[in-house]
Every structure is written in structure tokens, then in C-alpha cells.
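Residue numbers (UniProt numbering): 1 to 461. Heads up: the structure comes next, in C-alpha cells.
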Amino acid sequence: MSACALPAPRSAWLAQLGEAMRRHRGWILGIQWVVLAAYLFLVITPAFLPLPESDAHLWDNLTLAAQFAFWGIWWPFVLISMMLMGRVWCGVLCPEGFVSEQVSRFGLGRPVPRWIKWGGWPFVAFLGTTIYGQLVSVYEYPKAALLVLGGSTVAAIAVGLVYGRNKRVWCRHLCPVNGVFGLLARLAPVHFRTDRDAWETPPAKKVIPINCAPLVDIRRMASAAECHMCGRCAGHRDAVRLAARAPGSEIAQLGTQDVDRWEVHLLVFGIIGTAIGAFQWSASPWFVQAKLAAADWLVERDAFALLGDDIPWWLLTHYPEANDVFTWLDGLLILGYIGTAAVLIGGWISLWLRVAAQLLREPDGHLRLAYALIPLGGVGVFLGLSGLTVTLLSAEGIVLSTLPELRGLLLAAGTIASLALGIAQVRRAVPPRTRGAAALLAFAAAAAGAVMPWVAMFYLW
Ligand code: SF4
Numbered sequence: 001m002s003a004c005a006l007p008a009p010r011s012a013w014l015a016q017l018g019e020a021m022r023r024h025r026g027w028i029l030g031i032q033w034v035v036l037a038a039y040l041f042l043v044i045t046p047a048f049l050p051l052p053e054s055d056a057h058l059w060d061n062l063t064l065a066a067q068f069a070f071w072g073i074w075w076p077f078v079l080i081s082m083m084l085m086g087r088v089w090c091g092v093l094c095p096e097g098f099v100s101e102q103v104s105r106f107g108l109g110r111p112v113p114r115w116i117k118w119g120g121w122p123f124v125a126f127l128g129t130t131i132y133g134q135l136v137s138v139y140e141y142p143k144a145a146l147l148v149l150g151g152s153t154v155a156a157i158a159v160g161l162v163y164g165r166n167k168r169v170w171c172r173h174l175c176p177v178n179g180v181f182g183l184l185a186r187l188a189p190v191h192f193r194t195d196r197d198a199w200e201t202p203p204a205k206k207v208i209p210i211n212c213a214p215l216v217d218i219r220r221m222a223s224a225a226e227c228h229m230c231g232r233c234a235g236h237r238d239a240v241r242l243a244a245r246a247p248g249s250e251i252a253q254l255g256t257q258d259v260d261r262w263e264v265h266l267l268v269f270g271i272i273g274t275a276i277g278a279f280q281w282s283a284s285p286w287f288v289q290a291k292l293a294a295a296d297w298l299v300e301r302d303a304f305a306l307l308g309d310d311i312p313w314w315l316l317t318h319y320p321e322a323n324d325v326f327t328w329l330d331g332l333l334i335l336g337y338i339g340t341a342a343v344l345i346g347g348w349i350s351l352w353l354r355v356a357a358q359l360l361r362e363p364d365g366h367l368r369l370a371y372a373l374i375p376l377g378g379v380g381v382f383l384g385l386s387g388l389t390v391t392l393l394s395a396e397g398i399v400l401s402t403l404p405e406l407r408g409l410l411l412a413a414g415t416i417a418s419l420a421l422g423i424a425q426v427r428r429a430v431p432p433r434t435r436g437a438a439a440l441l442a443f444a445a446a447a448a449g450a451v452m453p454w455v456a457m458f459y460l461w
């Protein structure tokens with residue numbers, strides 16, 4: 001990738017920080033054990049407690065505290081951290097990756113089979129967990145959280161026990177958020193950088209091989225997408241160091257040979273399209289209208305099967321004690337809403353990206369241009385997730401009076417960042433001025449597809 005060939009700003013303190021991570025690996029392991037213990041406690045215990053009473057608070061109810069910790073703080077701010085620091089979460093804090101790697105030390109150590117390496121897993125796993133999470137109300141109920149998060153952890157352990165030795169095969173190929181984290185980390189202003197010339201230089205002393213748990217080819221590493229920022233390779237062969245780079249430079253310099261179709265599908269139809277549908281349906285007046293119309297239509301025909309709600313909680317939300325029960329019709333409409341949003345929004349964006357690529361006379365240029373939408377995708381998911389943070393805080397009487405302005409600022413920042421990356425990518429195609437301007441307009445139309453649904457949700461409905 002050409003981004004790696006660019007001279008990076010020299011930051012001695014960053015390089016030293018990277019080496020400190022390698023030298024103090026014991027500390028990182030200690031932190032990982034503590035996070036694992038806290039994670040297991042917070043994900044398991046609330047599932048066996050009664051649901052909070054209406055007068056319970058974050059500070060006196062473990063279920064509410066765990067809900068706030070997981071969905072109000074952890075998840076939205078992990079996403080932000082990806083854009084600011086790369087995948088430090090994965091390499092230093094994530095309990096699931098850590099436990100998968102630990103058990104792989106004692107497992108069967110089998111080679112990774114081809115089916116696990118299939119490039120579509122991040123897309124399928126993200127869609128699956130996002131949609132299923134909505135059906136069982138994963139953000140609201142601890143049993144659902146245990147099923148989704150705990151199920152993922154059990155799968156990570158199982159994969160670690162069978163495949164790889166001292167590796168994170170789960171994280172590299174199957175983790176439902178691996179693709180999202182990889183995309184967002186491409187924006188980060190820090191990364192572990194390999195100097196190929198230094199690497200090729202015969203070393204003066206014996207080189208001890210590095211165990212890169214997420215199976216990164218460190219010698220050829222040119223992207224921050226797969227590196228977990230664990231620091232184990234810092235200083236290796238005097239060629240790898242933690243370094244600064246211009247934010248978004250990896251995207252701006254992306255070549256057609258560096259793109260991945262599945263990654264683009266994940267961004268356009270998953271992180272943008274599906275996530276918008278998932279965050280929007282419960283606030284959408286269209287959803288309410290469709291539900292009322294469908295229910296009327298069914299009642300008029302004495303067809304009550306779809307209005308039944310005797311459904312297990314692990315299939316559809318079912319908490320009569322909290323007056324929160326989904327019918328089959330609810331489930332179908334949620335699936336329909338999210339699916340329609342994903343197809344319409346993703347389709348709109350794909351269409352305009354293809355128009356831009358045609359104008360640039362670049363057959364697969366739409367794939368390269370799609371990466372410029374990563375800031376909007378990241379900001380959108382953060383806004384959606386932080387909606388729960390806001391709801392939980394307002395239930396405690398903490399109301400952010402400047403919330404509309406803050407949301408507007410974040411959306412504006414994401415839009416400006418995406419447009420700036422779009423301009424950089426269009427320029428790289430060196431089109432004639434008129435076609436370049438037209439391609440930029442087409443790109444802006446694509447970006448609007450990722451902005452307008454949030455504007456409708458926050459300011460129009
Ligand atoms: S390349 Fe591998 S070993 Fe090096 S920091 Fe990234 S994850 Fe760790």
C-alpha cells in the first residue's frame with residue numbers, strides 16, 4: 001500500500017511507548033485478567049437477578065450499572081477509540097480475544113481451515129448479531145446480553161481450543177466486530193509501522209521470532225486494520241515501531257489493489273445501512289404506522305396468529321413483568337424495517353459511488369471511494385449507541401441540554417472528514433476538472449445517504 005511508503009512524522013516518545021508495551025507485557029497480561037474477571041461478573045451476574053424496579057438507579061442496582069457499563073460506555077467509546085488509537089482495545093483490553101488466545105496455548109493447535117478464512121464472515125457475523133440483538137433487545141435485558149455476549153465468548157473459547165497455538169484465530173476471522181474495528185482503525189493517527197528496508201537488513205544479533213496473536217504478516221504490514229496494537233513486535237529487527245501518521249492518511253492513499261469487497265459491503269450495507277435501520281426502527285413513525293396498518297389488516301381478517309406473543313425470550317423480546325413483549329408481527333416488522341433500510345441506504349450509496357467511479361473512468365473505483373465513508377459510518381454507529389447512554393443518564397435526571405448541538409457537531413465532523421477523504425481519493429484519479437467536480441458531487445450524494453437518516457431521526461421525527 002502506498003500509504004506505507006510515505007514518510008511518517010518521527011515521534012520518539014511514541015516509539016518508546018510501543019517498546020514499553022513490549023517490555024511491560026506482564027502488566028498488560030495483568031490488566032487483561034482484571035478486565036476478564038470484571039467482564040464475566042458483569043455479563044453473568046445480572047442475568048440471574050430480577051429486573052430492576054422502576055425506582056432503581058445506576059448506582060444501587062447491578063443490572064442497571066452493568067447495562068450502563070456495557071452499552072452506555074464500553075461499546076460507544078470502544079468504537080471511538082478505534083478511530084483515535086487503532087485497535088488498542090483488542091490487543092490490551094478485550095477479554096474475549098485474551099481468553100481465546102490463552103486457551104489456544106493448551107488446545108489442539110490445528111491449522112486454520114479454509115472455511116474459517118472466508119472473507120464474508122465479518123459481514124455475516126455483524127449483520128447476524130446486530131439484527132438478533134434487536135429482536136431480543138440485547139441493550140435492555142441482561143439475559144439477552146448474556147446470550148449474545150456470552151455466546152460470542154464461548155464461541156471464541158471453542159475456536160481457541162481447536163485452532164491455532166497461542167493465536168487469536170477467532171479475532172482474526174470470526175469475531176462479529178472484527179470487520180468494524182478494522183475499518184475504523186484505518187483512520188487512526190497512530191499505528192505500528194514496519195520499515196521494510198530495515199527489516200530486510202541482516203540483523204546484527206540473533207532475532208527471536210515474534211508471536212503475533214492475530215496472525216498479522218508483520219513484515220508486510222501496511223494497514224492498521226488487522227494489527228491489535230499489542231506492542232509485542234515493537235522494535236523487532238529495528239524495523240517496527242509505534243508511529244504517528246496523518247489521520248485518515250491510510251484511506252487517502254488507498255490503492256485499488258488494497259480494497260476488499262467484503263469490507264466495502266460491511267461498511268455500506270452493514271455499518272451504515274443495517275446499523276441505521278437497527279437504531280432507527282423504535283423511533284420511526286413509519287414503523288408505528290406500518291405496525292398499526294398490519295395489525296388492523298390482520299384483525300379485520302380474523303387472522304390472529306401473527307399477533308401471538310407467547311414466544312421464548314431468546315427468540316423475541318418477552319418480559320411481561322416489564323410490559324415489554326414482542327409479537328410475531330413485531331419481529332417480522334423489525335426484520336422488514338432493518339432490511340429495507342439496509343437495502344435502500346446501502347443501494348443509494350452504492351449507486352452514487354458507481355456513478356462517481358464511472359466519471360473517474362475507474363471500473364472498480366466505487367470500492368476505493370467507499371472507504372472515504374468510514375468516518376460517517378463510525379460517527380453514525382457512535383451516535384446510535386450513545387442514544388442509550390443519553391437515555392440511561394436522563395433516567396437518572398442527567399439531561400444534556402446541548403445534545404442536539406453535540407449531535408449536529410459530530411455529524412458535521414464525520415461529513416467533513418468523509419468529504420475530505422473523498423476529495424483526496426478523487427484527486428488521485430487525476431480526472432479532468434469538470435469530471436472530477438462531477439465525481440465529487442456524486443460522492444457527496446452517496447455521503448448524504450449516510451447523513452440524512454440521522455438528521456431525520458434526531459431533528460425531524
Ligand atoms: S503486528 Fe501483531 S504483534 Fe505487532 S503490535 Fe500488531 S498485533 Fe501486536
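Glycine included, C-beta positions come from ideal geometry on N, C-alpha and C.
C-beta atoms of residue i and residue j nearer than 8 Å
{"i": "residue 280", "j": "residue 225", "result": "no"}
{"i": "residue 256", "j": "residue 219", "result": "no"}
{"i": "residue 136", "j": "residue 314", "result": "yes"}
{"i": "residue 374", "j": "residue 184", "result": "yes"}
{"i": "residue 90", "j": "residue 212", "result": "no"}
{"i": "residue 204", "j": "residue 237", "result": "no"}
{"i": "residue 350", "j": "residue 455", "result": "no"}
{"i": "residue 21", "j": "residue 31", "result": "no"}
{"i": "residue 278", "j": "residue 333", "result": "no"}
{"i": "residue 126", "j": "residue 43", "result": "no"}
{"i": "residue 388", "j": "residue 139", "result": "yes"}
{"i": "residue 101", "j": "residue 160", "result": "yes"}
{"i": "residue 359", "j": "residue 301", "result": "no"}
{"i": "residue 57", "j": "residue 64", "result": "yes"}
{"i": "residue 425", "j": "residue 294", "result": "no"}
{"i": "residue 450", "j": "residue 248", "result": "no"}
{"i": "residue 113", "j": "residue 35", "result": "no"}
{"i": "residue 134", "j": "residue 392", "result": "no"}
{"i": "residue 146", "j": "residue 69", "result": "no"}
Inter-residue Cα distance where the pair is residue i and residue j
{"i": "residue 181", "j": "residue 122", "result": "10 Å"}
{"i": "residue 447", "j": "residue 354", "result": "13 Å"}
{"i": "residue 306", "j": "residue 327", "result": "7 Å"}
{"i": "residue 339", "j": "residue 99", "result": "34 Å"}
{"i": "residue 245", "j": "residue 189", "result": "5 Å"}
{"i": "residue 412", "j": "residue 421", "result": "14 Å"}
{"i": "residue 3", "j": "residue 241", "result": "For residue 3, the pLDDT reaches just 41, beneath the cut-off of 50, and the residue's location in the model is therefore unreliable, leaving the point undetermined."}
{"i": "residue 142", "j": "residue 54", "result": "16 Å"}
{"i": "residue 233", "j": "residue 87", "result": "15 Å"}
{"i": "residue 516", "j": "residue 386", "result": "The requested residue 516 does not occur in the structure, where the chain is confined to residues 1 to 461."}
{"i": "residue 453", "j": "residue 287", "result": "14 Å"}
{"i": "residue 459", "j": "residue 390", "result": "16 Å"}
{"i": "residue 5", "j": "residue 401", "result": "Because residue 5 sits at a pLDDT of 42, beneath the cut-off of 50, its placement in the model cannot be relied upon, and the point is left open."}
{"i": "residue 331", "j": "residue 274", "result": "16 Å"}
{"i": "residue 270", "j": "residue 206", "result": "46 Å"}
{"i": "residue 444", "j": "residue 376", "result": "12 Å"}
{"i": "residue 14", "j": "residue 52", "result": "45 Å"}
{"i": "residue 457", "j": "residue 263", "result": "26 Å"}
{"i": "residue 469", "j": "residue 423", "result": "Because the chain in this structure spans residues 1 to 461, residue 469 falls outside the shown range and cannot be described."}
{"i": "residue 208", "j": "residue 216", "result": "17 Å"}
{"i": "residue 243", "j": "residue 214", "result": "20 Å"}
{"i": "residue 148", "j": "residue 12", "result": "42 Å"}
{"i": "residue 62", "j": "residue 312", "result": "24 Å"}
{"i": "residue 24", "j": "residue 33", "result": "15 Å"}
{"i": "residue 221", "j": "residue 187", "result": "16 Å"}
{"i": "residue 1", "j": "residue 259", "result": "Here the model assigns residue 1 a pLDDT of 46, short of 50, so the residue's position is not dependable, and the following value carries that caveat. Rounded to whole angstroms, residue 1 to residue 259 spans 10 Å at the Cα level."}
{"i": "residue 84", "j": "residue 428", "result": "25 Å"}
{"i": "residue 103", "j": "residue 151", "result": "16 Å"}
{"i": "residue 196", "j": "residue 398", "result": "52 Å"}
{"i": "residue 346", "j": "residue 235", "result": "42 Å"}
{"i": "residue 239", "j": "residue 201", "result": "9 Å"}
{"i": "residue 173", "j": "residue 130", "result": "18 Å"}
{"i": "residue 433", "j": "residue 410", "result": "31 Å"}
{"i": "residue 119", "j": "residue 303", "result": "43 Å"}
Anticipated Cβ contact below 8 Å, residue i with residue j, distance rounded
{"i": "residue 191", "j": "residue 230", "result": "In fact, because the Cβ distance is near 13 Å, the residues do not count as touching under 8 Å."}
{"i": "residue 292", "j": "residue 179", "result": "Incorrect: roughly 37 Å between the Cβ atoms, too far for contact."}
{"i": "residue 461", "j": "residue 283", "result": "6 Å"}
{"i": "residue 356", "j": "residue 439", "result": "4 Å"}
Residue-chain proximity (residue i, chain D), Cβ-Cβ < 8 Å
{"i": "residue 23", "result": "Protein chains in the displayed structure number just one, and chain D is not present."}
- Would you be able to state if there are at least three C-beta pairs under 8 Å between the stretch 379-398 and the stretch 75-87? Touching, yes, given that three or more Cβ pairs across the two stretches are closer than 8 Å.
- Item | Those runs of the beta strand (DSSP E) which lie wholly inside the stretch 238-288 and span at least 3 residues | Look at the stretch 238-288 and you find these whole runs of beta strand (DSSP E), each 3 residues long or longer: 240-244.
- Message: I'd like to know if the stretch 321-337 and the stretch 351-371 are in contact, where contact means that at least 3 CB-CB pairs between them fall below 8 Å.
- Response: Touching, no.
- Item | Cβ pair count under 8 Å reaching 3, the stretch 108-116 against the stretch 146-165 | Counting C-beta pairs with one atom in each stretch, the stretch 108-116 and the stretch 146-165 have three or more that are closer than 8 Å, which means they touch.
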